[in-house]
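2 protein chains.
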Amino acid sequence: MPELKFTMSMSLDGYVAGPNQGLENPLGEGGRALHEWAFATRTFSEMQGRPGGETGLDDDQARLWNENVGAVIMGRNMFGPVRGPWPEEAWNGWWGDEPPYHTPVFVLTHHPREPVEMQGGTIFHFVTDGIEAALERARDSAGGRDVAIGGGASTAQQYLRAGLVDRMRLHVVPVLLGGGERLFDGVDGVLADFECDELVSSPAVAHYTFQRRKST
Amino acid sequence: MPELKFTMSMSLDGYVAGPNQGLENPLGEGGRALHEWAFATRTFSEMQGRPGGETGLDDDQARLWNENVGAVIMGRNMFGPVRGPWPEEAWNGWWGDEPPYHTPVFVLTHHPREPVEMQGGTIFHFVTDGIEAALERARDSAGGRDVAIGGGASTAQQYLRAGLVDRMRLHVVPVLLGGGERLFDGVDGVLADFECDELVSSPAVAHYTFQRRKST
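Here the protein sequences come in this chain order: A and B. Take any residue in the first sequence, note its place counting from 1, add 104, and you have its number in our numbering. Take any residue in the second sequence, note its place counting from 1, add 104, and you have its number in our numbering.
Right, here's the structure in full:
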């Protein structure tokens, strides 16, 4: 059975982005520190079309990001800083002409927009009828593979509250951001449904994998 | 220079105790899961006067709890569930006749009480004039060794906000409690002063050690 899953880098005090996110600072203040471990990996270098990068435990974890992912869902904040109706001048995401998804990507928004086809197989679809509809369309287009929630925190929380998430992979970095966007806000009732099936660490980050308990 | 430090077991969603703490359930609902890793160690068995217990990485970390600790400070909630003026029938803590501290312990309270001497070297002092006064008395009685904050979250937060904490050792268990008492609430401004100097993990728990940055 294909899963709905997500992967996030989180500070030890629970933030997945720093404060004051915006066009100049998409990860928020201090948010880059959440991802330094990932930037160092060979997987990330390959995604950027660059040579080098470290192999080992952290790279093995980064390698799992796109494993068996057939479609992606993301919130509009993850897609870009644009608010309200889509402007004439197109915003096509943070990732340049060839985004690292290489699958259909369903962007949750209140404002309709025609799909945008990027290089490398990524197609952005804009979904205005809610998270269940987006999930249905993502599953239909995933070709039997998993659907990944690309972020951000608010989108992950909506799917958690709806009881639809099967797996979470949390990369917890030894950093205290002291502010920003918290992953585990407003989802207290649903977290008891998850159990950890793996915990490993490097000196740079601890990787926790949680699975939804199978209902009997 | 002796340090002020604390050690806490925390869920991955940031809780150091479950909801609804009380006499019957001092760790709160689900709170026991925060400490299972510790209960399994040889160090914990020795503290209980029992044989056995596991050695290895988690035990090495547990061994650090009392290392170089000359005095302990704790909040009244950590000391017991009693509220208001001290009753006739004495509450002498959760730990029986011989508490595991073996040092002076300074209990923060609004209600004066005479010191209580327990077996094994633990003496409970009751401090009514605030956290700085308690720290001063603890340092005076620590014989040049460190002062440990025994808990709970609220006491740790007060010392964090006052900028007095030098070191935190956080044992982060792969459990999502979904409610309870959060360690990192109301301390956002001060956490940027800390940096991690060690991260290690077993399959049961990741151990993060943070040190206050040295001011230049």
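Think of the CB as a built atom: it goes at the ideal place given N, C-alpha and C, for glycine as much as any other residue.
- Message: Let me confirm a value: A:G282 is counted as buried when at least 16 other C-beta atoms fall within 10 Å, else exposed. Which label applies?
- Response: As a first step, residue 282 of chain A must be located in the first sequence, where it is residue number 178. So A:G282 ends up on the buried side.
- Query: Unbroken beta strand (DSSP E) runs of length 3 or more, entirely within the stretch 168-203 of chain A: which are they?
  - Reply: 173-179
- Using a C-beta to C-beta distance shorter than 7 angstroms, which residues of chain A count as neighbours of B:G283? Position 179 of the second sequence, counting from 1, holds the residue named residue 283 of chain B. What B:G283 touches in chain A: D292.
- Query: Any idea if A:E285 is buried or exposed, counting beta-carbon neighbours within 10 angstroms, 16 or more meaning buried?
  - Reply: Here residue 285 of chain A refers to the residue found at position 181 of the first sequence. Buried: at least 16 other Cβ atoms inside 10 Å.
- Item | Distance between beta carbons of B:F230 and B:T213, contact taken as under 8 angstroms | Within the second sequence, numbered from 1, the residue matching residue 213 of chain B stands at position 109. Within the second sequence, numbered from 1, the residue matching residue 230 of chain B stands at position 126. Their Cβ separation, rounded to whole angstroms, is 5 angstroms, which keeps B:T213 and B:F230 in contact under 8 angstroms.
- Task: Mind listing the chain A neighbours of B:Y312? Cutoff is C-beta to C-beta under 7 angstroms, in chain order.
- Result: In the second sequence, counting from the first residue as 1, residue 312 of chain B sits at position 208. Those within 7 angstroms of B:Y312 in chain A are L116, P278.
- Query: Using a Cβ-Cβ distance under 8 angstroms, would B:L303 count as near chain D?
  - Reply: Although the question refers to chain D, the structure presented lacks it and instead comprises the protein chains A and B.
- Item | Contact with chain B by A:P307, beta-carbon distance below 8 angstroms | Taking the first sequence and counting its residues from 1, the one referred to as residue 307 of chain A is at position 203. With 8 angstroms as the cut-off, A:P307 counts as an interface residue toward chain B.
- Task: Using only alpha-carbon positions, find the residue among A:L108, A:R146, A:V279, A:E202 that is nearest to A:E133.
- Result: Here the question's residue 133 of chain A lines up with position 29 in the first sequence. Comparing Cα-Cα distances from A:E133 to each of A:L108, A:R146, A:V279, A:E202, the minimum goes to A:V279.
- Task: Taking A:F228 as the reference, give the member of A:R217, A:K109, A:I235 with the closest Cα.
- Result: To locate residue 228 of chain A, count along the first sequence from 1; it is residue 124. The shortest Cα separation from A:F228 among A:R217, A:K109, A:I235 belongs to A:R217.
- Message: Based on DSSP bridge pairs, tell me the residues matched to A:V276.
- Response: What you label residue 276 of chain A is simply residue 172 of the first sequence in a count that begins at 1. A:M114, A:A310.
- Message: Strictly below 9 angstroms CB to CB, what residues from chain A border B:F288?
- Response: The residue given as residue 288 of chain B occupies position 184 in the second sequence. Within chain A, the residues near B:F288 are L116, D117, G118, L280, G282.
- Message: Suppose you measure from the CA of B:P155 to the CA of B:D163; what does that come to, to the nearest Å?
- Response: Numbered from 1 along the second sequence, position 51 holds the residue referred to as residue 155 of chain B. Numbered from 1 along the second sequence, position 59 holds the residue referred to as residue 163 of chain B. About 14 angstroms.
- Query: Using 8 angstroms as the limit for Cβ to Cβ distance, is B:F298 near chain A?
  - Reply: On the second sequence, position 194 is the one that residue 298 of chain B refers to. Closer than 8 angstroms to some Cβ of chain A, the Cβ of B:F298 qualifies, so yes.
- Task: With a cut-off of 8 angstroms on the beta carbons, I'd call B:V120 and B:L287 a contact; round off their distance for me.
- Result: On the second sequence, residue 120 of chain B is found 16 positions in, with the first residue counted as 1. On the second sequence, residue 287 of chain B is found 183 positions in, with the first residue counted as 1. Their Cβ separation, rounded to whole angstroms, is 5 angstroms, which keeps B:V120 and B:L287 in contact under 8 angstroms.
- Message: Which same chain residues end up closer than 6 angstroms to B:F314 when comparing Cβ atoms and leaving out the 5 residues on each side of it in sequence?
- Response: Numbered from its first residue, the second sequence carries residue 314 of chain B at position 210. Around B:F314: M272, F298, C300.
- Does A:L295 get closer than 8 angstroms to chain B when you measure Cβ to Cβ? As a position in the first sequence, residue 295 of chain A is number 191, starting the count at 1. A:L295 counts as touching chain B.
- Query: Should A:L274 be flagged as near chain B, meaning a C-beta pair shorter than 8 angstroms?
  - Reply: Here residue 274 of chain A refers to the residue found at position 170 of the first sequence. Judged by the 8 angstroms Cβ criterion, A:L274 is in contact with chain B.
- Does the distance from the C-beta atom of B:G174 to that of B:E202 stay below 8 angstroms? Walking along the second sequence from the start, residue 174 of chain B turns up at place 70. Walking along the second sequence from the start, residue 202 of chain B turns up at place 98. No; because the gap between Cβ atoms is not below 8 angstroms, this pair is not in contact.
- Task: Pick out whichever of B:F110, B:A137, B:G188 has its Cα sitting closest to the Cα of B:P123.
- Result: By one-based count along the second sequence, residue 123 of chain B stands at place 19. That would be B:A137, whose Cα lies nearest to the Cα of B:P123.
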